[in-house]
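In full-length UniProt numbering, the protein residues as written are 1 to 399. For each residue, glycine too, the CB sits at the ideal point set by N, CA and C. The structure displayed is predicted, hence computed values, not measured ones. Reading through the structure tokens given below for one structure.
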């Protein structure tokens, strides 16, 4: 049987980022995916009620409350310990050193019994972008990930980075997953000339290049261009101080700019209902969900040409620009402000084919199941050999 270890998710079941992927895999896994967690020493099965508590997608219950409910259930019913023969899917990222060490030993002992989704290696390859001065708290995770036989990746770029870091290419396929575009519970939007808002969704940090977007819009505003800009996302602690100051300064100086640091799902839907286009200028991403979510609800995107999520798609409903080029962002905005061009791009966004989360879950299930099926005969032969050895040993004792 395959279990998914969601120790991190069960303690912080938010609806964005990696946690969203975990939630969607469980939601769409045919027949249900059993869950487990690491108790500090071993893996234990997770009670179905605890899993249901953290998978609850209602906005009425806060993430902390969901985690607290799950913790109470687990305390009352800690589950049974899983043996070394269990097949474990790791669909999340974590830095907990005892858990990393546990998996390092497990992978060394039984390489085929553990497989993981690798989201990105950016904290390893671009430490400065995450404010990492000391890698020692993060190194155990990357070391055991690099030692694994079976990994799946959220983009071709992530897989290439993984193979470069490990210095080898596996003789078997490491699949590239297609993450779902249908994460926003919003009906398809339709173009109207009254839409003047450009929306940037995502954490505010140097690698996402919101500074380039601000520079582009400041130039346009100073020239009298009628356009609104909205940032939706938290300013991260490791963000460049100058970027945080620039966002604060723009909020004070330009009435056309708004920043929502703690938007709810309903807030985001309301904001997107006024959007003419969304913008994502990031230069470093493992994937980049916001652009494809925008396209799924029919809203065109102005996007960096290096974005992994859109690079694999036909260039429909998109204006792509070179990274770190505010002038190209400004030109793209002006193109979108032309109603004829905007209408054309909206028509393209309406027909582009995108992966759904159900597709993602099926892809992960097929990959994990194939590993299990490939190694089950080997496990059976090893078990038979052990049984024969035990029988021989007992017969020798009896003589």
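Where residue i and residue j are concerned, what is the direct C-alpha to C-alpha distance, given to the nearest angstrom?
i	j	result
residue 116	residue 256	44 Å
residue 147	residue 107	7 Å
residue 104	residue 143	8 Å
residue 326	residue 336	15 Å
residue 401	residue 281	Nothing in the structure corresponds to residue 401, since the chain is present only between 1 and 399.
residue 240	residue 369	43 Å
residue 5	residue 249	43 Å
residue 358	residue 168	32 Å
residue 214	residue 375	53 Å
residue 399	residue 80	With a pLDDT of only 46 at residue 399, under 50, the local geometry of the prediction cannot be trusted, and no value is derived from it.
residue 8	residue 164	27 Å
residue 261	residue 322	27 Å
residue 34	residue 11	17 Å
residue 313	residue 303	12 Å
residue 269	residue 351	21 Å
residue 97	residue 199	38 Å
residue 243	residue 237	11 Å
residue 1	residue 286	30 Å
residue 110	residue 274	53 Å
residue 131	residue 209	16 Å
Would you mind stating whether residue i and residue j have Cβ atoms separated by less than 8 Å?
i	j	result
residue 207	residue 284	yes
residue 300	residue 155	no
residue 253	residue 204	no
residue 278	residue 333	no
residue 324	residue 245	no
residue 137	residue 172	no
residue 227	residue 258	no
residue 174	residue 159	yes
residue 193	residue 339	yes
residue 289	residue 232	no
residue 118	residue 162	yes
residue 305	residue 320	yes
residue 316	residue 293	no
residue 25	residue 53	no
residue 354	residue 152	no
residue 127	residue 135	yes
residue 298	residue 372	no
residue 360	residue 177	yes
residue 267	residue 59	no
residue 78	residue 44	yes
residue 150	residue 82	no
What are the boundary residues of the beta strand (DSSP E) that residue i is part of?
i	result
residue 115	114–118
residue 35	35–38
residue 258	257–260
residue 318	318–321
Following the continuous alpha helix (DSSP H) through residue i, name the residue where it begins and the one where it ends.
i	result
residue 276	Run containing residue 276: none in the alpha helix (DSSP H); it sits in the beta strand (DSSP E), 275–280.
residue 289	289–296
residue 210	210–222
residue 302	No alpha helix (DSSP H) contains residue 302, which is instead part of the beta strand (DSSP E) from 301–304.
residue 328	326–337
residue 187	Taken as a continuous stretch (DSSP letters only), residue 187 belongs to no alpha helix (DSSP H), as it is neither H nor E.
residue 268	265–272
residue 122	122–125
residue 74	63–76
residue 248	241–253
residue 138	From DSSP, residue 138 is part of no alpha helix (DSSP H); its letter is neither H nor E.
residue 440	Residue 440 lies beyond the stretch modelled for the chain, which goes from 1 to 399, so this question has no answer here.
Return the bridge partner residues of residue i from the DSSP annotation.
i	result
residue 176	153
residue 4	35 and 89
residue 228	197
residue 45	36
residue 97	In the DSSP output, where bridge partners are listed per residue, residue 97 has none listed.
residue 81	44
residue 133	Note: residue 133 sits in no beta bridge, so no partner.
residue 204	235
Consider the C-beta atom of residue i and the heavy atoms of the ligand ADP; say whether any pair is separated by less than 7 Å.
i	result
residue 284	Absence of the ligand ADP from the depicted structure is noted, as is the absence of any ligand whatsoever, leaving it without description.
Mind the definition here: the segment 214–230 touches the segment 181–192 only if three or more C-beta pairs lie below 8 Å; say whether that holds. Three or more Cβ pairs closer than 8 Å define a contact, and the segment 214–230 falls short of that threshold against the segment 181–192.
Is it a yes or a no for the segment 44–52 touching the segment 11–19, going by three-plus beta-carbon pairs under 8 Å? With a cut-off of 8 Å on Cβ pairs, the segment 44–52 is not in contact with the segment 11–19, counting fewer than three such pairs.
Please determine if the segment 86–94 and the segment 360–380 are in contact, where contact requires at least 3 C-beta pairs separated by less than 8 Å. Judged by Cβ distances under 8 Å, the segment 86–94 makes contact with the segment 360–380, as three or more pairs qualify.
The segment 29–46 in contact with the segment 57–69 per 3-pair CB rule at 8 Å: Short answer: they don't touch.
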